[in-house]
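Inspection log for the structure reproduced underneath, given as structure tokens.
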Amino acid sequence: MDSLIELPAEPLTAPVPVDEIPDLSHAEFLVPGKSVTRRRVLKTMFFGTAGMALYAGEIERHWIDVVHRDIHIAGLPHAFEGMTIAQLSDIHLDEYTEPFLLREAIDHINRMKPDMVLLTGDYVSAEVLSKKMTMGAAWQCAKLLTAIECKEKYAILGNHDILAGANEVTEAIASNGIPVLRNGFLPIERHGSRIWLAGIDDPVLGKPDADLAMPVAIRNQTHEPIILMCHAPDFVDALSQHPVSRSIALVLSGHTHGGQVRIPFMGAMHLPPGGRKYVEGLFQMGGMQLYVNRGIGAVGVPFRFNCRPEITRFRLRAAKPQVPYMQS
Ligand SMILES: [Fe+2]
80 MDSLIELPAE PLTAPVPVDE IPDLSHAEFL VPGKSVTRRR VLKTMFFGTA
130 GMALYAGEIE RHWIDVVHRD IHIAGLPHAF EGMTIAQLSD IHLDEYTEPF
180 LLREAIDHIN RMKPDMVLLT GDYVSAEVLS KKMTMGAAWQ CAKLLTAIEC
230 KEKYAILGNH DILAGANEVT EAIASNGIPV LRNGFLPIER HGSRIWLAGI
280 DDPVLGKPDA DLAMPVAIRN QTHEPIILMC HAPDFVDALS QHPVSRSIAL
330 VLSGHTHGGQ VRIPFMGAMH LPPGGRKYVE GLFQMGGMQL YVNRGIGAVG
380 VPFRFNCRPE ITRFRLRAAK PQVPYMQS
């Protein structure tokens with residue numbers, strides 16, 4: 080019986096000799112009105128990436144955002160109404176931060192004419208340069224900070240400072256006229272009234288002790304709220320379980336760099352331990368507020384994207400009604 084299907088004598092698709100395979104490197108893709116070669120696509124991608132790197136490394140990383148915030152504090156003595164505080168954080172001098180950027184930040188602060196300047200840690204970067212160069216950066220940073228035209232300047236250390244050498248960095252900063260509070264406190268007095276400034280040791284690599292930083296003697300004082308400097312912001316969750324939290328009006332933190340490189344619709348590429356929950360901005364938990372400053376430096380990569388360096392100027396005001404946990 081004859082087969083119903085007649086097979087062709089030649090295969091349906093004849094093999095193409097190798098030397099006849101078309102070279103697609105110059106192939107034209109069909110785009111109405113345009114022809115796009117692969118080379119053109121690669122060129123566009125290269126210049127797009129290079130342009131992005133140039134923007135993030137040279138423009139945004141040096142584009143300081145001066146943020147103004149009113150902070151409403153319950154029990155703020157009348158003498159402190161309108162007091163201004165400038166916060167500078169995460170300088171990381173010499174990893175990528177150039178001295179000129181720190182000078183520019185200081186110029187911004189001097190133009191603000193704040194009543195007080197608070198420095199919330201990470202003056203240098205640890206484990207990037209040699210120990211000798213890192214300590215050189217710490218002393219250079221401390222020297223540059225003497226240009227701040229404000230009598231009341233106080234500091235805490237960050238995790239990088241502790242890893243680089245807590246005692247050496249403390250000596251550099253303190254011997255240049257800026258007291259460093261490591262589980263310490265002091266009164267800030269005006270016209271017979273006072274508030275308290277405290278600084279707690281870094282929660283990530285230090286030995287934070289809330290009872291040393293804010294002993295019972297300074298707690299629950301009517302009209303004597305506490306402002307606390309704490310490098311790593313997520314520590315507020317532990318603090319909020321501590322009785323002292325009822326006396327803390329404001330916590331100032333840094334550490335996160337705001338994420339430093341933030342991809343639209345995806346968020347930060349990296350957040351450090353101790354700074355993954357409260358990334359930037361103002362948070363309120365009952366009577367305690369937390370402000371997380373993005374800092375001015377960069378670590379790991381010399382880029383900032385969608386996350387400009389920040390200096391913050393706070394103005395203290397008498398309290399508004401309290402709001403439960405929220406971010407603004
Ligand atoms: Fe930092």
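In the working numbering, the protein residues as written are 80 to 407.
Don't be surprised by glycine CBs; every beta carbon is placed ideally from N, CA and C.
- Residue state for Y134 is assigned as helix, using DSSP reduced to three classes.
- Not a single heavy atom of ligand 1 lies less than 8 Å from the C-beta of H349.
- Here the alpha carbons of G237 and Y175 stand approximately 17 Å from one another.
- With fewer than 16 other Cβ atoms inside 10 Å of its own Cβ, H321 counts as exposed.
- A contact between stretches requires three or more CB pairs, one per stretch, nearer than 8 Å, and the segment 243-262 fails this requirement with the segment 120-132.
- No heavy atom of ligand 1 is found nearer than 8 Å to the CB of V259.
- Per the Cβ contact rule, the segment 153-173 is in contact with the segment 367-377 (3 or more Cβ pairs under 8 Å).
- A contact is defined here as three or more CB-CB pairs under 8 Å, and the segment 178-185 fails this definition with respect to the segment 308-319.
- Per DSSP, the unbroken beta strand (DSSP E) holding K232 starts and ends at 232-235.
- The C-beta distance from V207 to D240 rounds to 13 Å, too long to meet the 8 Å contact threshold.
- By the Cβ-count criterion, W218 is buried, with 16 or more other Cβ atoms from all chains shown falling within 10 Å of its own Cβ.
- Counting only beta-carbon distances shorter than 5 Å to the non-hydrogen atoms of ligand 1, the qualifying residues in chain order are D169, D201.
- Spatial neighbours of P266 in its own chain (CB-CB distance under 7 Å, excluding positions within 5 residues in sequence) are listed in chain order as R273, W275.
- Around the beta-carbon of P156, 16 or more other beta-carbon atoms lie within 10 Å, marking it buried.
- For Q320, the secondary structure class from DSSP, reduced to helix, strand or coil, is coil.
- When DSSP states are grouped into helix, strand and coil, I252 belongs to the helix group.
- Using a Cβ distance threshold of 9 Å, I164 and L197 count as a contacting pair.
- Less than 9 Å divides the Cβ of E160 from the Cβ of A397.
- In the three-state reduction of the DSSP assignment, H147 falls in the strand class.
- Cβ atoms of M364 and S319 come within 8 Å of each other, at about 6 Å.
- About 6 Å separates the Cβ atoms of T335 and E359, confirming a contact at the 8 Å cut-off.
- Assignment of I297 by DSSP, reduced to helix, strand and coil, places it in the helix class.
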